[in-house]
Amino acid sequence: MDLSQEHSLGDSIITTKLDAVVNWGRQSSLWPMVFGTACCAIEFMATAASRYDVSRFGAEVLRFSPRHADLLLVAGTISYKQAPILKQIYDQMPEPKWVISMGTCASSGGFYDNYTTLQGIDEIIPVDVYVAGCPPRPEAILDAVLDIQKRLWEEPSLKLRDHKGFKGKLDD
Ligand code: SF4
Numbered sequence: 005m006d007l008s009q010e011h012s013l014g015d016s017i018i019t020t021k022l023d024a025v026v027n028w029g030r031q032s033s034l035w036p037m038v039f040g041t042a043c044c045a046i047e048f049m050a051t052a053a054s055r056y057d058v059s060r061f062g063a064e065v066l067r068f069s070p071r072h073a074d075l076l077l078v079a080g081t082i083s084y085k086q087a088p089i090l091k092q093i094y095d096q097m098p099e100p101k102w103v104i105s106m107g108t109c110a111s112s113g114g115f116y117d118n119y120t121t122l123q124g125i126d127e128i129i130p131v132d133v134y135v136a137g138c139p140p141r142p143e144a145i146l147d148a149v150l151d152i153q154k155r156l157w158e159e160p161s162l163k164l165r166d167h168k169g170f171k172g173k174l175d176d
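Here my numbering is used: the first residue of the sequence shown is 5, the next is one more, and so on.
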């Protein structure tokens, strides 16, 4: 918690801001959903397993319903056929929500520069953190989770995120 926002009145009363309390709770309870389509998703399994243990950062409650998740982790190549599905899953997540693009394929299409492959998921959904690599190492994914934890402090707790006015190719 950001202690600079706290004030103590005697030994038993502390005042703080609502944003500080809500974001403190959010920071250590991100609920990720992995949209895994290729090899990067296998690498994510290592991140979630005991050796790297994403639960140290409070983000181990992996969800398989977008309605229960606030962190979408896209891992792998996304074809144009899959693009509307990814967009629908993103739309089904409640606000506030964040997105990590894991690996070269999700971020730019990678070496699949062809007529079947989306050249980066940011063509259809807003991305908060890009993780480089093919595949990225688990440490890089953990670093991205920590980055999201820092960024969510910038959000006012009672307002919807505007995602910097993002408009994707599949938006109306
Ligand atoms: S970035 Fe590399 S490891 Fe990840 S999905 Fe693409 S080819 Fe596979």
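Ideal Cβ placement from N, Cα and C applies to all residues, glycine included.
Original post:
Just reading off the alpha helix (DSSP H) that residue 62 is part of, what are its end residues?
Top reply: Per DSSP, residue 62 belongs to no alpha helix (DSSP H) and is neither H nor E.
Original post:
Where residue 22 and residue 60 are concerned, what is the direct C-alpha to C-alpha distance, given to the nearest angstrom?
Top reply: 25 angstroms
Original post:
Name the DSSP beta bridge partners of residue 13, please?
Top reply: For residue 13, which the question treats as bridged, DSSP gives the partners 17.
Original post:
Which class does residue 93 belong to by DSSP, given the choice of helix, strand or coil?
Top reply: helix
Original post:
Is it true that the CB of residue 129 sits closer than 9 angstroms to the CB of residue 172?
Top reply: yes
Original post:
According to the neighbour-count rule (16 or more other Cβ atoms, all chains shown, within 10 Å of its Cβ), is residue 166 buried or exposed?
Top reply: Burial check for residue 166: the Cβ neighbour count within 10 Å stays below 16, so the residue is exposed.
Original post:
Would the segment 49-67 and the segment 136-153 be scored as touching if the rule is three or more Cβ pairs under 8 angstroms?
Top reply: yes
Subject >> Secondary structure of residue 79, DSSP reduced to three states >> reply: strand
Original post:
Where does residue 106 land, buried or exposed, given buried means 16+ other C-beta within 10 angstroms?
Top reply: buried
Original post:
Identify the residues that DSSP records as bridge partners of residue 102: which are they?
Top reply: 75
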